[in-house]
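Structure, as structure tokens:
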Amino acid sequence: KKNIAVMTSGGDSPGMNAVVRAVVRTAIHLGCNAYCVYEGYRGLVIGRDEEKQVDYIRQMGWEDVRGYLSLGGTLIGTARCKEFFERDGRLRAARNMVVNGIDALIICGGDGSLTGADRFRAEWPSLLEELVSKGDLTKEQVAPFQHLNIVGLVGSIDNDLSGTDATIGAYSALARICEMVDYIEATASSHSRAFVIEVMGRHCGWLALMGAVATGADFLFIPEKPREDNWKEEMCQVIKTGKRKTIVIIAEGALDRHGNKITPTMVKDLLADGNGLGLDTRITTLGHVQRGGTAVAYDRMLGTLQGVEAVKAVLEATPETETCFIAITENKITRKPLMAAVKETQEVAKLIDAQRFNEAMALRDTE
Ligand code: ADP
């Protein structure tokens with residue numbers, strides 16, 4: 006009987022709870038034992054806190070995940086964990102896996118968490134060897150755990166991983182952004198104001214781009230499209246004075262073509278400049294509201310279908326199988342090699358169709 010654990014790691018995203026519910030219940034349905042690792046890699050490294058009498062690795066029953074589908078955030082907690090970057094931390098994590106009898110781990114997180122997972126799997130045999138040679142575990146204890154079985158699920162509001170159309174949480178964050186921009190628009194047009202709205206996305210402008218398309222924003226800054234030196238003139242040409250409302254969306258990671266940051270304040274100062282547009286301009290940083298709240302239907306569906314597939318992938322994996330993650334491509338749930346997608350993400354970023362983007366942005370209001 007396999008013992009399958011699920012964990013959420015890195016930035017939280019709506020839909021992670023759907024993943025946990027689906028993994029726990031699918032594992033049980035298929036005759037396995039289901040476990041949750043609380044607080045991401047931190048929980049895996051700690052295992053059990055004797056002083057506080059807290060177990061970070063807990064077996065889950067069918068009813069333990071009741072109500073998970075509709076809730077935001079991640080109920081089993083997530084964390085960023087420095088120790089897991091070090092071999093010593095990964096040694097402790099390996100020990101806790103063996104002691105708790107966990108032979109497969111399903112991790113829902115961003116590209117950082119999934120890279121850590123792949124590293125853990127690659128090192129696994131040498132971690133066990135070291136634990137035995139140090140006398141932490143016996144040969145007999147580690148014998149049943151020769152291969153670590155890991156499957157990744159991409160939980161990220163940024164939709165920043167290549168090889169999948171959508172990451173779990175991205176559509177919820179996008180829906181939240183649209184809702185917030187709608188609220189701001191009402192007050193903007195009442196006062197004939199301009200708003201510079203900062204949205205999340207340090208390396209990936211998907212949220213900003215789709216948010217701008219979906220709200221009919223006037224101008225947009227994203228990291229994938231570094232602005233030319235004349236961006237100020239360009240923006241002032243597009244944004245005319247006398248419009249009832251002006252909305253500029255800027256991703257956190259907005260850049261010019263020299264790699265310098267373009268900040269909301271720079272944009273605001275330009276819009277407000279009395280010699281130019283002279284618009285009454287405010288900045289709104291949407292911040293963590295983008296992460297919060299319940300998951301939209303799409304993320305509940307994606308988290309559930311991918312969670313089911315992840316358990317199946319774990320049960321079908323062999324020692325030779327590459328570490329895979331679960332993707333959605335052209336509406337089909339598929340398994341793909343994890344590290345190829347991580348590498349592609351780092352090298353080319355997620356592709357954005359520049360032509361369509363320009364066509365859509367040309368639809369802005371003129372008055
Ligand atoms: P995300 O998964 O959202 O991209 P992070 O990049 O912060 O978030 O990664 C979350 C955690 O995953 C880190 O705090 C660390 O514990 C682990 N991790 C990330 N990258 C690595 C790595 N290269 N090696 C080992 N662990 C890693």
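Position 259, counted from 1, in the sequence shown is what UniProt numbering calls 264; the numbers after and before it change by one each time, with no gaps.
Ideal placement from N, C-alpha and C gives every residue a C-beta, glycine not left out.
Computed from a predicted model, the values in this text were never measured in an experiment.
- If you ignore the 5 residues before and after residue 197, its C-beta comes within less than 6 Å of the C-beta of 249, all in its own chain and listed in chain order.
- Annotation: residue 189 to residue 219 spans about 14 Å, alpha carbon to alpha carbon.
- Between residue 231 and residue 207 the beta-carbon gap is near 14 Å, outside 8 Å, which marks them as no contact.
- In this structure residue 111 does not touch residue 50 by the C-beta definition: roughly 18 Å separates them, more than the 8 Å allowed.
- Assignment of beta strand (DSSP E) within the segment 100 to 146, counting only whole runs of 3 or more residues, yields 109 to 114 in chain order.
- In the three-state reduction of the DSSP assignment, residue 363 falls in the helix class.
- Residue 107 and residue 8 have their C-alpha atoms roughly 5 Å apart.
- Beta-bridge pairing by DSSP links residue 10 to 40 and 110.
- Ligand 1 approaches residue 86 closely enough that one of its heavy atoms is under 7 Å from the residue's Cβ.
- If you draw a straight line from the Cα of residue 114 to the Cα of residue 311, it comes to about 13 Å.
- DSSP, read as helix, strand or coil, puts residue 191 in helix.
- Residue state for residue 24 is assigned as helix, using DSSP reduced to three classes.
- In this structure, residue 82 has its beta carbon at no less than 7 Å from each heavy atom of ligand 1.
- Taking the Cα of residue 149 as reference, the smallest distance to any Cα among 177, 205 and 129 is reached at 129.
- One alpha carbon belongs to residue 160, the other to residue 279, and they sit about 44 Å apart.
- Around residue 143, the same chain offers 137 as residues with beta carbons nearer than 8 Å, after the five sequence neighbours per side are excluded.
- Excluding five sequence positions before and after residue 217, the CB atoms of its chain that fall closer than 6 Å to its own CB belong to 225 and 254, given in chain order.
- At least one heavy atom of ligand 1 falls within 7 Å of the beta-carbon of residue 124.
- Bounds of the alpha helix (DSSP H) holding residue 238 are 236 to 243.
- Taking each of 319, 338 and 46 in turn and checking the Cα distance to residue 308, the smallest one comes out for 338.
- In the structure shown, the three-state DSSP call for residue 251 is strand.
- Using a 10 angstroms sphere on the CB of residue 370, the tally of other CB atoms stays under 16, which defines it as exposed.
- The continuous alpha helix (DSSP H) containing residue 273 extends over residues 269 to 277.
- For residue 64, the pairing in a beta bridge is given by DSSP as 40.
- Here DSSP, grouped into helix, strand and coil, assigns residue 57 to coil.
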